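A short worksheet on the structure shown next.
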Amino acid sequence: MTHRTLTNHSPLEGSRGLLSFRRTAIVNLTTQSDTPLTPLKGGIFRAVTRRLFFSLCFLLLALCFLPLALFAGTTGKLSGRVLDKQKQPLPGANVIIVGTALGAAADLEGYYSILNIPPGTYRVQFSIIGYQTYIVENVLITSDKTTPLSADLGEETLAAEEVVVVAQRPVVETNLTSSVSTVTSENIATLPVQ
């Protein structure tokens, strides 16, 4: 803070010296400079306008970043790798969180990642054709954390029922250029012969 010394004026010289001293003290307290703020020069108006402008800019920036802060850390992530018993990756393996619509497929290296999982305890199912289904229960997902979970799937032999296909001759064969008549033993047995 700058101070003004009064060399020519003293309180004994009359009211002019005292008034000058008071005016200097008020100016030093408000602006910390020797020039007084006067409304005619726009000094007070300019200072208030500048402060209001910066306050509004700060408020606008805070409102822009508020949604990011509100949604940060409210969900978790599940990631890992799906391998077979020989530690080879299983691309395309399905990883499903049972009871939700969340899931993912493993990439070419067997890695998967499921994002935006609400916090809680879940049951996770790993499956792919030709391998046994692998289920992990009580998987804890916490907010703003990545839960690692990998699986080794064993091979499974596919046992299916036998499929019986009955072949029938088409009524019209489109690849023939002439007429053909085929007689089978069943047709001859049904003929009225004497």
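In this note's numbering, the protein residues as written are 37 to 230. Positions of the beta carbon are idealized from the N, C-alpha and C atoms, including for glycine. Since the structure is predicted, the reported quantities are computational estimates derived from the model, not experimental observations.
Could you pull out every residue in the same chain whose Cβ sits closer than 8 Å to the Cβ of E192, ignoring the five residues on either side in sequence?
-> Excluding the 5 residues flanking it on each side, E192 has same chain C-beta neighbours closer than 8 Å at G166, Y167, Q168, in chain order.
Three or more C-beta pairs closer than 8 Å, one from the stretch 135-146 and one from the stretch 168-179: is that the case here?
-> Verdict: no, contact absent.
Can you grab the Cα-Cα spacing for the pair T136 / Q161, in whole Å?
-> The alpha-carbon atoms of T136 and Q161 are separated by roughly 12 Å.
Kindly indicate which three-state DSSP category K121 falls into: helix, strand or coil?
-> In the structure shown, K121 sits in coil (DSSP, three-state: anything other than H, G, I, E or B).
Output the distance between the C-alpha atoms of T111 and Y158, rounded to the nearest integer angstrom.
-> Straight-line Cα distance between these residues: approximately 14 Å.
Between D188 and Y147, what straight-line distance do the alpha-carbon atoms span, to the nearest angstrom?
-> Computed Cα separation, rounded: 12 Å.
According to DSSP, is N64 helix, strand or coil?
-> Note that N64 scores a pLDDT of 46, beneath 50, so its modelled location is shaky; the value from the coordinates is reported in the next line. The DSSP-derived three-state label of N64 is helix.
Between I153 and S179, what straight-line distance do the alpha-carbon atoms span, to the nearest angstrom?
-> Pairing I153 with S179, the inter-Cα distance amounts to about 9 Å.
How many Å lie between T183 and L88 at the Cα?
-> The straight-line gap from Cα to Cα measures roughly 47 Å.
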